Amino acid sequence: MKKINDAVSLGLVGAGYWGHKLLLKFMADPNCSVKAVCDTHSAHRDNIRKGFPNLVTTDRYEEILEDSEIEAVVLATPLATHFHLAKEALEAGKHIWIEKPLALHLDEGHLLVQLAQTKKSVLFVDHTFVYDPAIRMVHDLIATGDFGDIHHLFLQRANLGRIKRDSNVWWNSAPHDISIMLHLLPASPASIVLHGYRYFQPKLEDLNFAVVEMSDGTTVFVYHNWLYPENTAKLTVVGSKRLLVYEGKFEKRAATLYDYAVERVLPGGDAKEELATTIPSKILAEHRLEGINAQEPLALAVSDFLQSVQNRQAPLSDGKFALKVLRVLEAGEKSLRSGGSKIPVKI
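Quick note on the numbering used here: the sequence shown kicks off at 90 and runs consecutively.
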C-alpha cells in the first residue's frame, strides 16, 4: 500500500522545449519518480532516450493512462490539446499538471475542474509566477498596506526569440501576467480592453496591449511583444505611498521600492502656488528589496504540485484559480476580435 509521503510516480506528456525543462525539474525533486515520457515526435523520444536511458518512452498516450503505477500526468502539449488530454487523464483517475492556460474555452475549463472534484484528483495549472518569492513578497506588502491604496499596475513581458506558431502572444504570455494580477490585487477585474497587432505572422498577434479596470478603480496595463530588443518581464506597482519596479527575468531579478511625495495645493493657499502649471513630485528614497529567494519559481511550483498530490490538498494554482485567469483571457480575446471594445469580466 502506498504511503502518504512516498514519491509521486509520474508520466510526462510532451517532451519538446518546455517539456524537457519540466522533466529536469521533476527529476530533481526528491518527492517525484518519473516513470515514462510520451511524445508523438520520434526526435523528441530519441532525445529523451539519449539523455535518460532508464525512462520508458512511448508515442501512445494510452500507455501512460493504463499504467496503474503512474499517479500523475504532466501535460506539456500544445494549448489546443489541453482539454481532451486532461479530461482523459482525470477520467483514468490521475492527478494532472496542465501547462497554462487551463483550456481554450471557459466551458471546457469548468468541466475539467468539476471532473477533478468528482474524481478527488489534484488539478494543477502552471501559473509559475505566483510561486516567485519576489511576487509573494510584493503580495504581502500590498496586503499589509505598505503601498497605501494601489492606483496602478503595469506588467510587461517582451523579448526577441521564440515566436509561437500555435497561439498568439495573448494566449501564450497573458496567463503569466493575469495570474500575477489576480494574485496581487484583492479586487476583482471588472472590464478589459485589448488591442493586438500582427507584424510577423498574418493570423497571429505578436504584440498586444490590454487595459484592465478592477472593481475598486485600480487600473492594470498589460503589454506583450515578441519583437522587442530587450528580454524583460517587468512589474511596476504604483501606490499612494510607495512605488515598486521588479524585473522578474531570473538571470537579472531585482526589485526596488521607492518612497515618493507629491505636493498638494490646498484651497485658499498661496496665490502663486495656485497659479502654478505643475505639481511637484519627487522620489524621497529608494530601497533594494532584499531577501528575494534565489529558488526558481518553477521548482517551487513543482514542489507544491507534488506535495498536494501526496497530501491530497489543493495547490495554490488550482483549477478554481485557473478558471479566474481563463475568464480574463476569454474576455480579452472577445475585446480583441471586436476591435478593442470594453468587455465586462465576471470572476
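Beta carbons: idealized from backbone N, C-alpha and C, even for Gly. Please read all numbers here as calculations on a predicted model, not as lab measurements.
Minimum C-alpha distance to A390 - residue among A383, R254, Q399, P404 = With respect to the C-alpha of A390, the residue from A383, R254, Q399, P404 having the closest C-alpha is P404.
Mind checking whether A479 and E188 have CB atoms under 7 angstroms apart?
-> Outside the shown range of the chain, which is 90 to 436, sits residue 479, and nothing can be said about it.
Pairwise C-alpha distance: A420 and G285 = 14 angstroms
Which listed residue (S370, A344, E340) has its alpha carbon closest to that of V351 | The residue with the shortest Cα to Cα distance from V351 is S370.
Should P190 go down as buried or exposed, given a rule of 16 or more other Cβ atoms within 10 Å for buried?
-> When all chains shown are included, P190 counts as buried.
Tell me whether F213 sits in a helix, a strand or coil according to DSSP, three-state version.
-> strand
For L244, the residue or residues it bridges with in DSSP | V311, L324
Say whether the stretch 230 to 250 touches the stretch 173 to 182, bearing in mind that this needs 3 or more beta-carbon pairs closer than 8 angstroms, one atom from each stretch.
-> no
In terms of alpha-carbon separation, which member of L346, A388, S397, H194 lies closest to L111?
-> A388
So is T325 in contact with chain C if we call contact Cβ pairs under 7 angstroms?
-> Judged by its chain identifiers, the structure shown contains no chain C, having just a single protein chain.
Cutoff 6 angstroms; reference T146; Cβ partners in own chain excluding five residues on either side = V126, R134, I137, R138
For the stretch 218 to 233 and the stretch 334 to 345, state whether three or more C-beta atom pairs, one from each stretch, are separated by less than 8 angstroms.
-> The stretch 218 to 233 vs the stretch 334 to 345: in contact.
Tell me whether A169 is buried or exposed, calling it buried when 16 or more other Cβ atoms sit within 10 Å of its Cβ.
-> exposed
Stretch-stretch touch, CB-based, cutoff 8 angstroms, three pairs: the stretch 293 to 308 with the stretch 236 to 248 | yes
Can you give the beta carbon distance from K409 to V202, rounded, assuming they're within the 8 angstroms contact cut?
-> 7 angstroms
Along the beta strand (DSSP E) that carries I281, what are the first and last residues, could you check?
-> 278 to 286
Would A299 be called buried (16 or more neighbouring beta carbons within 10 Å of its own) or exposed?
-> buried
For F410, the residue or residues it bridges with in DSSP | Note: F410 sits in no beta bridge, so no partner.
Can you have a look at R377 and say buried or exposed, based on whether 16 or more other CB atoms are within 10 angstroms of its CB?
-> exposed
4-residue-minimum alpha helix (DSSP H) runs that sit fully inside the stretch 365 to 421, ordered along the chain = Fully enclosed alpha helix (DSSP H) runs of 4 or longer: 386 to 400.
CA-CA distance, M90 and I252?
-> At M90 the pLDDT is 42, less than 50, meaning the model places this residue with poor confidence; the figure from the coordinates comes in the next sentence. Approximately 46 angstroms between the Cα atoms of the pair.
Tell whether a beta-carbon distance below 7 angstroms holds between A161 and V219.
-> no
Helix or strand or just coil, what does DSSP make of H265?
-> helix
Can you round the beta-carbon distance between G198 and A411 to whole angstroms, since I take them to be within the 8 angstroms contact cut?
-> 7 angstroms
Would you decide whether D215 is buried or exposed? Buried here means 16 or more other CB atoms lie within 10 Å of its CB.
-> buried
Return the chain-ordered list of same chain residues with a C-beta closer than 6 angstroms to the C-beta of Y312, the five sequence neighbours on each side being excluded.
-> Only Q245, F298 meet the Cβ criterion.
In or out: Y106 buried (at least 16 other Cβ within 10 Å) or exposed?
-> exposed
Nearest-angstrom Cα distance between E379 and K423?
-> 41 angstroms
In angstroms, rounded to a whole number, what distance separates the CA positions of Q290 and Y317?
-> 15 angstroms
A132 lies in the alpha helix (DSSP H); which residues open and close that run?
-> 131 to 140
Could you tell me the boundaries of the beta strand (DSSP E) in which G100 lies?
-> 97 to 102
Distance, Cα to Cα, G429 vs L296?
-> 14 angstroms
Contacting residues, own chain, Cβ-Cβ under 6 angstroms from L204 (five flanking each side not counted) | L179
Go ahead and pull the three-state DSSP assignment for D348.
-> If DSSP states are grouped into helix, strand and coil, D348 belongs with the strands.
Of the listed residues L271, R401, T325, K338, nearest to K208 (C-alpha basis) | R401
From I267, Q399, L195, R416, pick the residue whose C-alpha is nearest to that of T217; which is it?
-> I267
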